[in-house]
Amino acid sequence: MTAAGIDNNHNGIRDEVDALISREYQESVAQTKYAQQLARAMQVSATIVKPSRDQATSILKTNMLGVACLRYNTSTDKGDADVSKLTAATFNTTGRRKNNEEVGLIAGIISISVPRSDACK
Numbered sequence: 036m037t038a039a040g041i042d043n044n045h046n047g048i049r050d051e052v053d054a055l056i057s058r059e060y061q062e063s064v065a066q067t068k069y070a071q072q073l074a075r076a077m078q079v080s081a082t083i084v085k086p087s088r089d090q091a092t093s094i095l096k097t098n099m100l101g102v103a104c105l106r107y108n109t110s111t112d113k114g115d116a117d118v119s120k121l122t123a124a125t126f127n128t129t130g131r132r133k134n135n136e137e138v139g140l141i142a143g144i145i146s147i148s149v150p151r152s153d154a155c156k
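In this text, residue positions in the sequence shown follow my numbering: the first is 36, and each later residue adds one.
What follows is the structure in structure tokens.
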């Protein structure tokens, strides 16, 4: 199996992560939407090999927006747990974790401001 995994409906989210979202991210339409947005962004981190610095920086910014939007649209007491659960499901193999870590290393130290809730579309 490759880092990309199986995505039968071609929505950019692996099937097992899609199933997790369908089961556990149904608090609101917005929560489901932002869980899917974050899952798509993290899937890029899990599968990209040797990104350029610009690509890595863009991926990190997209991931941070996804994290912020999911937290803004989840009950306060569950936001961090929801992000952690989705992260664990996405980076569930050594290869996926390695690719994600490489994105961070290539991007280096960058300044990312936490998006405001109105940045979530």
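By construction, the Cβ of each residue, glycine as well, lies at the ideal position given by its N, Cα and C atoms.
- The straight-line gap separating the alpha-carbon atoms of Leu100 and Lys68 is approximately 13 angstroms.
- Secondary structure note for Cys104: its alpha helix (DSSP H) is the uninterrupted segment 88-107.
- Its Cα nearest to that of Asn44, the residue Ala54 stands out among Thr37, Ala54, Ala38.
- Looking at the backbone, the Cα of Gly47 and that of Ser80 are separated by about 12 angstroms.
- Counting along the chain, the unbroken alpha helix (DSSP H) around Ile56 starts and ends at 50-59.
- In this structure, DSSP gives Ala74 a helical state, which the three-state scheme calls helix.
- Secondary structure of Asn135 (DSSP, three-state): helix.
- Contact annotation, Asn98 with Met77: C-beta distance approximately 6 angstroms; criterion of less than 8 angstroms satisfied.
- From the listed residues Ile94, Ser93, Leu95, Lys120, the smallest Cα separation to Arg106 is found for Lys120.
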